[in-house]
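Participant: So that we are looking at the same thing, I have put the structure below in structure tokens.
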Amino acid sequence: MIQARFTSDAWKALYTSDVDRREFISKMLEDAGGRLIDYYFSFSDADVIVITEAPDNVTAASAVIAIARSGAVTDVRTTVLMSYEEGIKALRHSGAMGYTPPES
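Letter by letter, the sequence shown follows residues 89 to 192 in my numbering.
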């Protein structure tokens with residue numbers, strides 16, 4: 089998940105452009121082996137939230153860096169999301185990790 093804020097210039101460009109940014113971002117990601125899952129405008133700390141998939145973390149980071157380098161967005165944040173199934177698998181696997189807390 090990528091969250092970002094648009095600069096005022098980016099807002100102006102979005103207002104006047106007929107280009108669907110989802111198509112542009114989707115092509116960029118597909119060319120790198122990933123895909124755009126969804127694109128949201130948000131009324132929060134982020135102006136835009138983009139859900140993507142990438143074949144690996146390097147590809148995901150490269151896409152985020154390319155977007156941030158453009159200067160059209162600020163406050164770019166990424167969050168790795170896991171499916172419900174992955175989360176349950178991680179919970180089940182955590183029992184075998186053998187962690188001892190500091191106070192023990």
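Cβ atoms here follow ideal geometry from the backbone N, Cα and C, with glycine treated the same way.
Can you look up residue 156 in the DSSP assignment and give me helix, strand or coil?
Facilitator: Start at 1 with the first residue of the sequence shown, and residue 156 comes out as number 68. Helix, per DSSP.
Participant: Rounded to a whole number of angstroms, what is the C-alpha to C-alpha distance between residue 97 and residue 148?
Facilitator: Against the sequence shown, residue 97 aligns to sequence position 9. Against the sequence shown, residue 148 aligns to sequence position 60. Going from the Cα of residue 97 to the Cα of residue 148 covers about 25 Å.
Participant: Applying the 10 Å Cβ sphere with the 16-neighbour rule, what's the burial state of residue 108?
Facilitator: Position 20 of the sequence shown, counted from the first residue, corresponds to residue 108. Result: exposed.
Participant: Which class does residue 94 belong to by DSSP, given the choice of helix, strand or coil?
Facilitator: Counting from one through the sequence shown, the residue named residue 94 turns up at place 6. Residue 94: strand per DSSP, three-state reduction.
Participant: Residues in its own chain within less than 6 Å of residue 138 by CB, not counting five upstream and five downstream?
Facilitator: Along the sequence shown, read from residue 1 onward, the residue named residue 138 stands at position 50. For residue 138, where only same-chain residues beyond five positions count, the Cβ hits under 6 Å are 90 and 127.
Participant: Would residue 136 and residue 92 be called neighbours here (beta carbons separated by less than 7 Å)?
Facilitator: By 1-based counting over the sequence shown, the position of residue 136 is 48. By 1-based counting over the sequence shown, the position of residue 92 is 4. Yes, they are a contact pair.
Participant: Assign residue 146 to one of two classes, buried (16 or more other C-beta atoms within 10 Å of its C-beta) or exposed (fewer than that).
Facilitator: Position 58 of the sequence shown, counted from the first residue, corresponds to residue 146. Flag for residue 146 reads exposed.
Participant: Counting only runs of 3+ residues fully inside the region 122-184, write out the beta strand (DSSP E) ranges in chain order.
Facilitator: Taking only runs of at least 3 residues, the beta strand (DSSP E) segments lying wholly in the region 122-184 are 123-129, 136-141 and 161-166.
Participant: Counting Cβ pairs closer than 8 Å, one from the region 164-178 and one from the region 118-132, do we hit at least three?
Facilitator: As far as the Cβ criterion goes, the region 164-178 does not touch the region 118-132, which means the pair count is below three.
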